[in-house]
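Visitor: Numbering of the sequence shown is given in the numbering used here, commencing with residue 251 and proceeding in unit increments.
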Amino acid sequence: MRNPTLYLVCYDIVLTKRRTKVAHLLEGYGMRVQKSVFECVLTEHQLAMLDRKLNKYIKANEDQVRFYPMSAHTRRKVNILGLQPARQIDDAAFIV
Numbered sequence: 251m252r253n254p255t256l257y258l259v260c261y262d263i264v265l266t267k268r269r270t271k272v273a274h275l276l277e278g279y280g281m282r283v284q285k286s287v288f289e290c291v292l293t294e295h296q297l298a299m300l301d302r303k304l305n306k307y308i309k310a311n312e313d314q315v316r317f318y319p320m321s322a323h324t325r326r327k328v329n330i331l332g333l334q335p336a337r338q339i340d341d342a343a344f345i346v
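1) What do you get for Ile330, buried or exposed, if any count of 16 or more other CB atoms within 10 angstroms of its CB means buried?
2) Could you compute how far the alpha carbon of Val381 sits from the alpha carbon of Thr270?
3) Could you give the DSSP three-state label for Thr293: helix, strand or coil?
4) In whole angstroms, give me the CA-to-CA distance for Asp262 and Ser286.
5) When the distance is taken between beta carbons, is Asp313 closer than 8 Å to Arg268?
6) Could you compute how far the alpha carbon of Phe348 sits from the alpha carbon of Ala298?
7) What does a CB cutoff of less than 7 Å around Glu294 pick up in its chain, not counting 5 residues either side in sequence?
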């Protein structure tokens, strides 16, 4: 089994009710870093499970959820301007 991967998960959900459900679901998988952006450390199995769950909430013709995988190399290059998150995700210690 491969190591977990950090994903930047971004969404644009039209209706507030669906958007709230998606946000609550993602809170169980990672850390919110902006209003519609989460950082989630996921195994392949967790990614597939999250994908299935999200598909129950979104409408494919109206909403969008994007998963951007981030390598350790790319992660080191992230530049944050403004408000810093209270904590950072530690790949080795993050538990879902």
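Glycine residues also receive a C-beta, built at the ideal position from the N, C-alpha and C atoms. Note that the structure is a prediction, hence the values are computed from the model and not measured.
Guide: This is what the structure holds:
1) Numbered from 1 along the sequence shown, position 80 holds the residue referred to as residue 330. By the Cβ-count criterion, Ile330 is exposed, with fewer than 16 other Cβ atoms from all chains shown falling within 10 Å of its own Cβ.
2) Residue 381 lies beyond the stretch modelled for the chain, which goes from 251 to 346, so this question has no answer here.
3) Mapped onto the sequence shown, residue 293 falls at position 43. Shown here, Thr293 sits in coil according to DSSP, grouped into three states, outside any helix or strand.
4) Your numbering for residue 262 matches position 12 in the sequence shown. Your numbering for residue 286 matches position 36 in the sequence shown. C-alpha separation (whole angstroms): 7 Å.
5) Walking along the sequence shown from the start, residue 268 turns up at place 18. Walking along the sequence shown from the start, residue 313 turns up at place 63. When the beta-carbon positions are compared, Arg268 and Asp313 come within less than 8 Å of each other.
6) Not covered by the structure: residue 348. The range shown for the chain is 251 to 346.
7) One-based indexing of the sequence shown puts residue 294 at position 44. Spatial neighbours of Glu294 in its own chain (CB-CB distance under 7 Å, excluding positions within 5 residues in sequence) are listed in chain order as Arg252.
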